[in-house]
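Protein chains in written order, with the numbering used here: chain B, 20 to 350; chain F, 217 to 441.
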């Protein structure tokens, strides 16, 4: 069984193809929109996605050495994400499903990140950190659903760091030679600046940290602030993680999403792991950022459990939470 | 923690519990049966940030315990605050947790509820949100109820924080003894209803419980942006 998956929730338009036998992922092609200045404008994203879509789709089929006729279902990330961007993926998916008479499979973008994590790290029963530009979630699977133990109450950790480096003119690009510019900038830090540290139980709040850091940027050396903002943000996350570990007594921590690529986060997690005697499993970098393969793979699992959606009901869900999704394949 | 400059003396420490951010030891302090709550330094933290967080929280916890005491709530007496070691040494309350009391039918559930309601009333009237008001953090000693673990407490005027206390309490009842929940909560409301924001708290509580993990609230908040 083969499923083609389409990702278009944010800056990346991706198409992946997954099969229910090794090597599971047959293709993973994408194109990421990088604005020349400022943040992502939803309209620009939609234009970018619509422009690259045909080419990405053709390349994915070519890489998988298959044809659209051989595909059993079309999976699409219907949310969460930005409406105009989501709609491009949804339109492409609906068109393919209609024209070639294929089943349409709704996939939650976050579940895609998590399932590709299970597949590529071999984690069995982990505490999951889902960290990306738009999400900061501590979750674990329990009785049919992913239950959220902690999350950000406002903006995501990844978004916070991106906005900071952009506002102080260090980015774009946000990642240079595999390192986030906040890490590169922090290498020259000499002192820790006093910034807000907000953990509420298992939840975190990053918006106050961003505001304070931007204000501090006028007074202190930028490297010191890069270092301080990163330390505060990651330490808040790790503290919330420790609370969840104490509660759930899990023996593995799986990290998925774009922020999983962060080198400084890894070294912190390794220290935490020693302390708690847990294993850290991090999704490989080609699957950490947004991609179509994860949508295809989660769609494959869903299709095998009979999860499909009629075209007329396949509306995009910009605020679709992972704890709303039934996971019949994981019991 | 050893006898430093003769300021205080601790006998042997026995580890009782390891939490996410602190370790709890049992000991004797100047002959008094005591608890040492020591915040742990984290290897992953910048040492300066680590010190700041542990110091601030140690001081805040002690302050809030003292404020709670001033508003007439039974809390463990603070015996010593060791800021250098991020430790609070406090009286060991020789009693039984409410969790056990309910479990073993040791006290009238409604009476217990009334006593907890009285504690919540005084706490919230003094603008303190406890943050972890579970049956595990309430200890019955004779006929007196003690509130412990102010590790997640904060000063607050926010109805949401007060309602969260009530919500956490109710959830702990549901998991400990669903069959006694109604009786205990009835008693709780009897005394807690004297709180001036009572109506608002109960309204917010309903919201919190309806929305599960704050789903709806967060949604409307973000869509209003």
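By construction, the Cβ of each residue, glycine as well, lies at the ideal position given by its N, Cα and C atoms.
Proximity test, residue 334 of chain F beta-carbon vs the ligand ZN heavy atom, cut-off 7 Å: Ligands are entirely absent from the displayed structure, and the ligand ZN is therefore not among its contents.
Host beta strand (DSSP E) of residue 286 of chain B (start-end): Run containing residue 286 of chain B: none in the beta strand (DSSP E); it sits in the alpha helix (DSSP H), 282-295.
Own chain partners of residue 181 of chain B with C-beta closer than 6 Å, once the 5 adjacent residues on each side are dropped: 193
Min CB distance residue 429 of chain F to chain B below 8 Å: In this prediction, residue 429 of chain F has a pLDDT of 39, which is less than 50 and means its spatial position is unreliable; what the coordinates show is noted afterwards. Chain B, which has a Cβ nearer than 8 Å to the Cβ of residue 429 of chain F, makes this yes.
Straight-line Cα distance separating residue 370 of chain F from residue 268 of chain F: The alpha-carbon separation between residue 268 of chain F and residue 370 of chain F amounts to approximately 17 Å.
Host beta strand (DSSP E) of residue 338 of chain F (start-end): No beta strand (DSSP E) holds residue 338 of chain F; the alpha helix (DSSP H) holding it covers 325-341.
Those runs of the beta strand (DSSP E) which lie wholly inside the stretch 143-213 of chain B and span at least 3 residues: Contiguous beta strand (DSSP E) elements confined to the stretch 143-213 of chain B occur at 146-150, 155-161 and 164-170, taking only those with 3 or more residues.
Contacts of residue 368 of chain F in chain A (Cβ-Cβ under 8 Å): This model lacks chain A altogether; the protein chains it does include are B and F.
Short Cβ contact (8 Å threshold) for residue 314 of chain B with residue 102 of chain B: no
Element boundaries [beta strand (DSSP E), containing residue 245 of chain F]: 238-245
Residues in the stretch 251-268 of chain F having any Cβ partner in chain B nearer than 7 Å: 259, 260, 261, 262, 264 and 265
Under 8 Å (Cβ pairs) to chain F, residues found in the stretch 65-98 of chain B: Flagged: no residues at all.
Residue range of the unbroken alpha helix (DSSP H) whose run includes residue 375 of chain F: Note, residue 375 of chain F: alpha helix (DSSP H), 375-392.
Residues in the stretch 287-314 of chain B having any Cβ partner in chain F nearer than 8 Å: Here the close residues are 287, 288, 290, 291, 293 and 294.
Exposure label - residue 20 of chain B; buried when at least 16 CB within 10 Å: The residue is exposed, with fewer than 16 neighbouring Cβ atoms inside 10 Å.
Selection of the stretch 223-242 of chain F by Cβ proximity to chain B, strictly under 9 Å: 234, 235, 236 and 237
Members of the stretch 152-175 of chain B near chain F, C-beta cut-off 7 Å: 167
Any chain F beta carbon closer than 8 Å to residue 254 of chain B: yes
Within chain F, partners of residue 109 of chain B - CB distance below 7 Å: Residues of chain F passing the Cβ test: none, with the nearest at roughly 20 Å.
Alpha carbon of residue 120 of chain B to alpha carbon of residue 281 of chain B, nearest angstrom: 42 Å
Inter-stretch contact at 8 Å, needing at least 3 Cβ pairs: the stretch 245-260 of chain B / the stretch 119-133 of chain B: In this structure the stretch 245-260 of chain B does not touch the stretch 119-133 of chain B; the number of beta carbon pairs closer than 8 Å is below three.
Residues near residue 257 of chain B in its chain [Cβ-Cβ closer than 7 Å; skip 5 each side]: 287 and 291
Nearest-angstrom Cα separation, counted from residue 340 of chain B out to residue 407 of chain F: 38 Å
Segment limits, beta strand (DSSP E) that includes residue 96 of chain B: 92-98
Three-way DSSP call (helix, strand, coil) for residue 26 of chain B in this model: strand
Three-way DSSP call (helix, strand, coil) for residue 346 of chain F in this model: coil
Spatially closest choice to residue 152 of chain B from B:173, B:40, B:22 and B:139, by CA coordinates: Measuring from the Cα of residue 152 of chain B, the nearest candidate turns out to be B:173.
Closest residue to residue 33 of chain B among B:41, B:59, B:74 and B:43 (Cα-Cα distance): B:74
Exposure of residue 67 of chain B, with buried meaning 16 or more beta-carbon neighbours within 10 Å: Counting of Cβ neighbours within 10 angstroms places residue 67 of chain B among the buried residues, the total reaching 16 or more.
The stretch 209-217 of chain B contacting the stretch 74-85 of chain B, beta-carbon criterion three pairs below 8 Å: no
At least three beta-carbon pairs within less than 8 Å, the stretch 106-117 of chain B to the stretch 24-33 of chain B: Yes, they touch.
Cα-Cα separation, residue 275 of chain F to residue 312 of chain B: Straight through space, the alpha carbons of residue 312 of chain B and residue 275 of chain F are spaced by roughly 50 Å.
Cα-Cα separation, residue 169 of chain B to residue 331 of chain F: 31 Å
As assigned by DSSP and simplified to three states, the class of residue 399 of chain F: It is helical.
Rounded straight-line distance, which links the Cα of residue 384 of chain F to that of residue 350 of chain F: Between the C-alpha atoms of residue 350 of chain F and residue 384 of chain F there is a straight-line separation of about 6 Å.
Residues that residue 347 of chain F contacts on chain B, provided the C-beta gap is smaller than 9 Å: 219 and 220
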